[in-house]
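Enquirer: These protein sequence lines map, in sequence, to chains Z and S. Residues in the first sequence are numbered consecutively from 58, following the working numbering. Residues in the second sequence are numbered consecutively from 64, following the working numbering. This is the structure I have questions about; it appears just below.
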Amino acid sequence: MGKPAQQQENISLARFKRALFFAPIIFWSCINLAGWDHEFRVSSSKNSVDPVSSLRSFMQEGHSTSGGTGHIQRDKHQSPRPKPDRKAYKTALDLLTAYRIDTIFCLSLLNVSCDNMPAYLQTKSYDKLLAIRQSLEKFFKKYEADKHFRKQASKIKQVGIYKTIKIGKKKIWKSRKQIPALKHYANHAYQAVCTTIENIAQSTKILCRDFLKTSMGETAQYFLRRFMMGVSQSGIDIQATLNREKRNGPCDFARDLMQKAKTQPIRETLGDVMQLLSRATINATAVFVAVSAIAVTIETGVAAATGALGAIAAQKFFEPLALSINLDGSVAVESAASSGVSFWQAIATSIAPAVQAFTGVVEHTGNLFCLMENRGVGYGDTNVFIDDLGNTLDLRDFERLKKIDTPVKVNRSGSNVPIEGKPNSIVTTTGGHKLIYNSEGKVLYDISEKRIKVYIWNKSTSGEWFVNRGSKTKIFRNQVPKKLLEMLEF
Amino acid sequence: MDEIKKILSENIFDWYPSNYPSKSFIDTAMNHVNINDLISVAGLLAPEFIEHEDHVFFKENVKTLLEKKKIFPCPYGYKDKKEIERYYNLFHLGEFFLATQNEASNDTRMLYKFGKLLIYFWRKRLKELFPNKSFSFEIEYDLYDEHGLCLTFWQE
């Protein structure tokens, strides 16, 4: 009997200790609930403060007063709401502009609420998005580094950020810290940009993954890689080619393809497709239709287009299937009974007015894949990279090269780069660059961490070799794929 | 002494890998340079420069970028006019003689003279094309992403 009594005593002691521990917390909470603090209180419907509302509040009031969720209650003892501070607004805008953040973006930053920001940014081109992100990154670097700038920025109204503090397992207390409004807003914008980029990349990744599931296996992957290369290459040529030839290119292409598909195995047909894709006319047609489907998906975010892409690429080349594609308002429909040629004729007719619109989208798509590759969130394990000029690089081409350990001594003026070397080899120069020699032993690439220089070899009528120069020869400027750098041991 | 005479001093003949009987530039050109070589050199000394959005560029370097409208934004993130021009107008002196490299082209003194000559003629050409603008030139090692002796210019 004594043992249970002792246990009872221990339990009581434990309860007492617990009560002693929570007493000050409960007391403190009561004080706050009674409104004795001079801070704003946040409704209990949310534990953390929504930065969006904080910004919205700023926009409505013209200055920063506090964070909140829209359920903010002003304390009775608080002084009347201050008037909008236009000067602070203007100073923020001037500072952001002065520090090279895009003016249009500044305006949107200060006028569009954060919850609308992703949607707003999605309507802009991808280049713009990336430029904004770069600007913001610079802004933060500048902000951290430049004392004068920080001083100026801190003069702008402070904005309140609530911070949740955990006591025990519950979030029961929120404190507020002050940070300069400028940094706060720039941070929100930066997050919005990053989220947008991430969303687009993810949706495309899903799109591509679904495409790979369209029962085409290895062949589909191969096709997809080549297709992605074509996306960027053909983008700029589409308009020019169609204008120049003034004919329905897709019909010719489709007719040839359908004829071939009837008489030869699928893999051989694919081989032909690859060859045809390398010609500008074909690029401008075959790739175009598929790209349009991707572009539609990216632009609208409609997952349904995933099926359309798979259907176009997987079934269109091989078997008739009921399919409906909506391109920029023009609709081409193929029934099971209609022939391939008529389908392509319909496509050609329907896409004609949409060519202009899609040309830009195609470029963005190319940039997108380039971005995805560099971020390591690409479609599967592809080795194909595309730069902003549409140049492509297949890392599998580098796999068969033999690395030569002895470095090549290049003099200080860089004038004695050996233009010929061991066929299919990689050598390192004393300047730290990597020289790649082709199967004929001629230098093909000079790769540094910042760019790839291409040596374009030509042969004169007299049989003399010469190297082309000019702006075509620098590719992947400041965007050399990390995977390649790792492969080359930079 | 005027500028070009200073650059083209006959002492340069002492740097030539092979001795010529006459220390005369004209004699050397007459005997060793054929007409197509000479005309090509004239094209190099008076190349095409292009003005685009208030920037002046060495056209050979930006031809493709202009066609594809990819000059701006600069891939390295440069926003300053001077930096943009300085980057795009980069001319690698050392690599110029890649396919025709010999003992002379590996001589840094010769390459430096070559750079000074280009500056002399390009400055005149730029003055002719853009009389209201003035330009600064620079010869320096390892500019931007290049290894070796480089030349570049920008608007002052």
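Glycine residues also receive a C-beta, built at the ideal position from the N, C-alpha and C atoms. Every value quoted in this text rests on a predicted model; they were computed, and no experiment measured them.
Relative to the C-alpha of Ile483 of chain Z, which residue among Z:Thr449, Z:Leu542, Z:Ala202 and Z:Ile532 is closest?
Expert: Z:Leu542
Enquirer: Would you mind telling me which residues of chain S sit closer than 7 Å to Lys507 of chain Z, beta carbon to beta carbon, in chain order?
Expert: Asp208
Enquirer: I need the straight-line Cα distance from Phe76 of chain S to Asn82 of chain S, nearest angstrom please.
Expert: 8 Å
Enquirer: What residues in the stretch 450–475 of chain Z bring their beta carbon closer than 8 Å to a beta carbon of chain S?
Expert: Val467, Asn468, Arg469, Ser470, Gly471, Ser472, Asn473 and Val474
Enquirer: Under 7 Å Cβ-Cβ, which residues of chain Z neighbour Ser168 of chain S?
Expert: The contacting residues are Ser472.
Enquirer: Which of helix, strand or coil does DSSP assign to Asn94 of chain S?
Expert: Under the three-state reduction of DSSP output, Asn94 of chain S falls in the helix class.
Enquirer: Tell me, please, whether the CB atom of Val537 of chain Z is closer than 7 Å to any CB atom in chain S?
Expert: no
Enquirer: Nearest by alpha-carbon distance to Gly211 of chain S: which of Z:Val537, Z:Lys466 and Z:Tyr494 is it?
Expert: Nearest in C-alpha terms to Gly211 of chain S, of all of Z:Val537, Z:Lys466 and Z:Tyr494, is Z:Lys466.
Enquirer: Sorted by chain position, which residues of the same chain lie with C-beta nearer than 8 Å to Lys507 of chain Z's C-beta, five sequence neighbours on each side aside?
Expert: Arg534, Asn535 and Val537
Enquirer: Beta carbons nearer than 7 Å to chain Z: which residues of the stretch 122–138 of chain S have them?
Expert: Glu123, Asn124, Val125, Lys126, Thr127, Leu128, Lys131, Lys133, Pro136 and Pro138
Enquirer: Give the secondary structure of Glu203 of chain S by DSSP, where H, G and I count as helix, E and B as strand, and everything else as coil.
Expert: strand
Enquirer: Assess, as a yes-or-no matter, whether the stretch 126–137 of chain S is touched by the stretch 180–200 of chain S under the definition of 3 or more beta carbon pairs within less than 8 Å.
Expert: no
Enquirer: Would the stretch 90–99 of chain S and the stretch 170–177 of chain S be scored as touching if the rule is three or more Cβ pairs under 8 Å?
Expert: no
Enquirer: So, are the CB atoms of Ile158 of chain S and Gly471 of chain Z less than 7 Å apart?
Expert: It should be noted that the sequence gives Glu, not Ile, for residue 158 of chain S. Result yes, Cβ atoms of Glu158 of chain S and Gly471 of chain Z sit closer than 7 Å.
Enquirer: Please classify Asp117 of chain S as buried or exposed, where buried requires at least 16 neighbouring CB atoms within 10 angstroms.
Expert: exposed
Enquirer: Pull out every residue of the stretch 475–490 of chain Z whose Cβ sits closer than 8 Å to any Cβ of chain S, in chain order.
Expert: Ile476, Thr486, Gly488, Gly489 and His490
Enquirer: For Tyr150 of chain S, which residues in the same chain have their Cβ closer than 7 Å to its Cβ, ignoring the five residues on either side in sequence?
Expert: Cys137, Tyr139, Tyr141 and Tyr207
Enquirer: Specify the secondary structure class of Phe121 of chain S as computed by DSSP and reduced to three states.
Expert: strand
Enquirer: Say whether chain S places a C-beta atom closer than 7 Å to the C-beta of Leu542 of chain Z.
Expert: no
Enquirer: Using the Cβ count rule (16 or more neighbours within 10 Å means buried), how would you classify Ser505 of chain Z?
Expert: buried
Enquirer: Using the Cα positions of Pro454 of chain Z and Leu501 of chain Z, report the straight-line distance between them to the nearest angstrom.
Expert: With the sequence shown as reference, residue 454 of chain Z is identified as Asp, and Pro is not the correct amino acid for it. Those two C-alpha atoms are separated by around 12 Å.
Enquirer: Three-state secondary structure (DSSP) at Lys529 of chain Z?
Expert: helix
Enquirer: Which residues of chain Z have a Cβ atom closer than 7 Å to the Cβ of Leu174 of chain S, listed in chain order?
Expert: Ser470 and Ser472
Enquirer: Does the separation of the CB atoms of Lys122 of chain S and Trp217 of chain S fall below 7 Å?
Expert: no
Enquirer: Check for me: the beta strand (DSSP E) holding Glu230 of chain S runs from which residue to which?
Expert: Because chain S spans 64 through 219 in this model, residue 230 of chain S falls outside it and cannot be assessed.
Enquirer: May I ask which residues mark the beginning and end of the beta strand (DSSP E) holding Tyr502 of chain Z?
Expert: Note, Tyr502 of chain Z: beta strand (DSSP E), Val500 to Ile504.
Enquirer: By DSSP, does Gln332 of chain Z sit in helix, in strand, or in coil?
Expert: With a pLDDT of 47 at Gln332 of chain Z, under the threshold of 50, the predicted position of this residue should be treated as unreliable, though the coordinate-derived value follows. Gln332 of chain Z falls in the helix class under three-state DSSP.
Enquirer: Hey, does Gly106 of chain S have any beta-carbon neighbour from chain Z nearer than 7 Å?
Expert: no
Enquirer: Figure out for me which residue from Z:Ile532, Z:Ile493 and Z:Pro464 has the closest Cα to the Cα of Glu477 of chain Z.
Expert: Z:Ile493
Enquirer: When we look at the beta-carbon of Leu458 of chain Z and count the other beta-carbons within 10 Å, is it buried (16 or more) or exposed?
Expert: buried
Enquirer: Ser123 of chain Z to Ala202 of chain Z, Cα distance in whole Å?
Expert: Low per-residue confidence applies at Ser123 of chain Z: pLDDT is 31, beneath 50, and the placement is therefore not dependable enough to give any value.
Enquirer: Tell me, to the nearest whole angstrom, how far the beta carbon of Lys491 of chain Z is from that of Leu545 of chain Z; I am working on the premise that it is less than 8 Å.
Expert: Their Cβ separation, rounded to whole angstroms, is 5 Å, which keeps Lys491 of chain Z and Leu545 of chain Z in contact under 8 Å.
Enquirer: Any beta-carbon of chain Z closer than 7 Å to the one on Ala109 of chain S?
Expert: no
Enquirer: Would you say Leu181 of chain S reaches chain Z, if we count a Cβ-Cβ gap shorter than 7 Å as a contact?
Expert: no
Enquirer: Using only the alpha-carbon positions, how far apart do Gln164 of chain S and Asn473 of chain Z sit?
Expert: 7 Å
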